[in-house]
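Numbering (our numbering), first residue to last: 16 to 131. From the three backbone atoms N, C-alpha and C, an ideal C-beta is built for every residue, glycine too. From a predicted model like this one, the values you see are computed outputs, not experimental measurements. First up is the structure itself, then whatever we jot down about it.
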Amino acid sequence: MAEGTENIVKAVRRVDGGTIISLTGDVDLHHAPALHAALVQVANERPGRYILDLQDVPYIDSSGLGTFVEVFRRVNAYKGKMVLFGLNERVRSVFEISKLDRLFNICATEEEANAY
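What follows is the structure in structure tokens.
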């Protein structure tokens, strides 16, 4: 994992057909560079399902959204599926306002994300 991500990347788990990256804390400008490096590193492994667990993410800003869009493009380029789950009301609202809820596959639970 990229240096400096221990404060935002809580865990990376391999599951059948994919990888779940659990994040914790604010996904913001302060964390974006290290988070980007960590997420790209996992994307380069080309998991079939690239799943982001956002249950412990209370806040996301535009730099965090930009990081997710960049990773989405990488995953989409190799025909993988990127799925997000566990968004709280505030984070989900940011995706809706930015219309990115139309781009990302968003599920309520880990089980739904694994089945996607």
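Asked                                                                                                                                                                   : Found
Evaluate G101 with the Cβ neighbour count: other Cβ atoms within 10 Å of its Cβ, from every protein chain shown; 16 or more gives buried, anything less gives exposed.  : buried
Per DSSP, F119 forms a beta bridge with which residues?                                                                                                                 : Partner(s): none; F119 has no beta bridge.
DSSP has A26 in a bridge; who is on the other side?                                                                                                                     : S37
Among all the DSSP beta bridges, which residues are the ones paired with V98?                                                                                           : I66, N120
Based on DSSP bridge pairs, tell me the residues matched to V42.                                                                                                        : I75
Would T34 pass as a contact of P62 if the rule is Cβ separation under 8 Å?                                                                                              : yes
Helix, strand or coil: which one does DSSP assign to N129?                                                                                                              : helix
Skipping 5 residues on each side, what residues in its chain have a beta carbon closer than 6 Å to that of V86?                                                         : L54, A58
Excluding the 5 residues preceding and the 5 following Y93 in the sequence, name in chain order all residues of the same chain whose CB lies nearer than 7 Å to its CB. : R61
If we call anything under 8 Å between Cβ atoms a contact, is Y65 one with D43?                                                                                          : no
Please name the residue in R88, T124, H46, G79 whose C-alpha comes closest to that of V109.                                                                             : G79
If you run the structure through DSSP and keep just helix, strand and coil, what is E104?                                                                               : helix
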